[in-house]
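Heads up: the structure comes next, in structure tokens.
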Amino acid sequence: MIIVHGIPNCDTVKKARAWLSARQVEHRFHDFRKDGLDAGRLAQWIAALGWEALLNRRGTTWRKLDEASRAAVMDARSASDLMLREPSLIRRPVVDWGPGLSVGFDEDDWAERLGRT
Numbered sequence: 014m015i016i017v018h019g020i021p022n023c024d025t026v027k028k029a030r031a032w033l034s035a036r037q038v039e040h041r042f043h044d045f046r047k048d049g050l051d052a053g054r055l056a057q058w059i060a061a062l063g064w065e066a067l068l069n070r071r072g073t074t075w076r077k078l079d080e081a082s083r084a085a086v087m088d089a090r091s092a093s094d095l096m097l098r099e100p101s102l103i104r105r106p107v108v109d110w111g112p113g114l115s116v117g118f119d120e121d122d123w124a125e126r127l128g129r130t
């Protein structure tokens, strides 16, 4: 089953979930702010997608960090530590397609993954 990871009030997550529902694609939602995110799962995401793709440097949470915290993010380990402390820094949604992962909402990519081009 497809698992959409994110936070429910994120506009991109809302759009992604609505897109799946409109196409009657069965999926489950995991709210990683409320239900948590373990280090092992985040490590898998980083291995598959890269920490740079997962770390949202455009959002409010990133902008609210002090300069020292932002400057300390230099590699996968430091990025992982920060994302575990502040899950809102993870770019959303992260989708587990079963075979493969993606981050962000890309309608064309999703349609292709579902064989609905």
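According to my numbering, the sequence shown is numbered sequentially starting from 14. No residue lacks a Cβ here, since even glycine has one placed at the ideal position from N, Cα and C.
Under three-state DSSP, which class holds residue 14?
Sequence index remark: in the sequence shown, residue 14 carries index 1 (1-based). If DSSP states are grouped into helix, strand and coil, residue 14 belongs with coil.
Say whether the stretch 69 to 77 touches the stretch 96 to 112, bearing in mind that this needs 3 or more beta-carbon pairs closer than 8 angstroms, one atom from each stretch.
Per the Cβ contact rule, the stretch 69 to 77 is in contact with the stretch 96 to 112 (3 or more Cβ pairs under 8 angstroms).
Taking DSSP's pairing of strands, which residues face residue 115 in a bridge?
Indexing the sequence shown from 1 puts residue 115 at position 102. Checking the DSSP bridge columns, you'll see residue 115 partnered with 108.
3 or more residues per run - each beta strand (DSSP E) lying fully within the stretch 34 to 96
Here the runs fully enclosed are 40 to 44.
Would you mind stating whether residue 15 and residue 38 have Cβ atoms separated by less than 8 angstroms?
Against the sequence shown, residue 15 aligns to sequence position 2. Against the sequence shown, residue 38 aligns to sequence position 25. In this structure, residue 38 lies closer than 8 angstroms to residue 15 by Cβ.
Between the CA atoms of residue 43 and residue 55 - distance to the nearest angstrom:
The residue labelled residue 55 in the question sits at position 42 within the sequence shown. The residue labelled residue 43 in the question sits at position 30 within the sequence shown. Rounded to whole angstroms, the gap between the alpha carbons of residue 55 and residue 43 is 13 angstroms.
Taking the alpha-carbon positions, what's the residue 57 to residue 116 distance?
On the sequence shown, residue 57 is found 44 positions in, with the first residue counted as 1. On the sequence shown, residue 116 is found 103 positions in, with the first residue counted as 1. Between residue 57 and residue 116, the C-alpha separation is close to 13 angstroms.
Is the beta carbon of residue 19 closer than 8 angstroms to that of residue 105?
In the sequence shown, the residue the question calls residue 105 occupies position 92. In the sequence shown, the residue the question calls residue 19 occupies position 6. For residue 105 and residue 19, yes; Cβs fall inside 8 angstroms.
In whole angstroms, what is the alpha-carbon distance linking residue 93 and residue 107?
Residue 93 sits at position 80 when you count from the first residue of the sequence shown. Residue 107 sits at position 94 when you count from the first residue of the sequence shown. So the two alpha carbons sit approximately 15 angstroms from each other.
Quick check: residue 64 and residue 84, are their CB atoms within less than 8 angstroms of each other?
By one-based count along the sequence shown, residue 64 stands at place 51. By one-based count along the sequence shown, residue 84 stands at place 71. Against a cut-off of 8 angstroms, the Cβ pair of residue 84 and residue 64 comes out as no contact.
Could you compute how far the alpha carbon of residue 24 sits from the alpha carbon of residue 87?
Position 11 of the sequence shown holds residue 24. Position 74 of the sequence shown holds residue 87. Looking at the two C-alpha atoms, the distance is approximately 28 angstroms.
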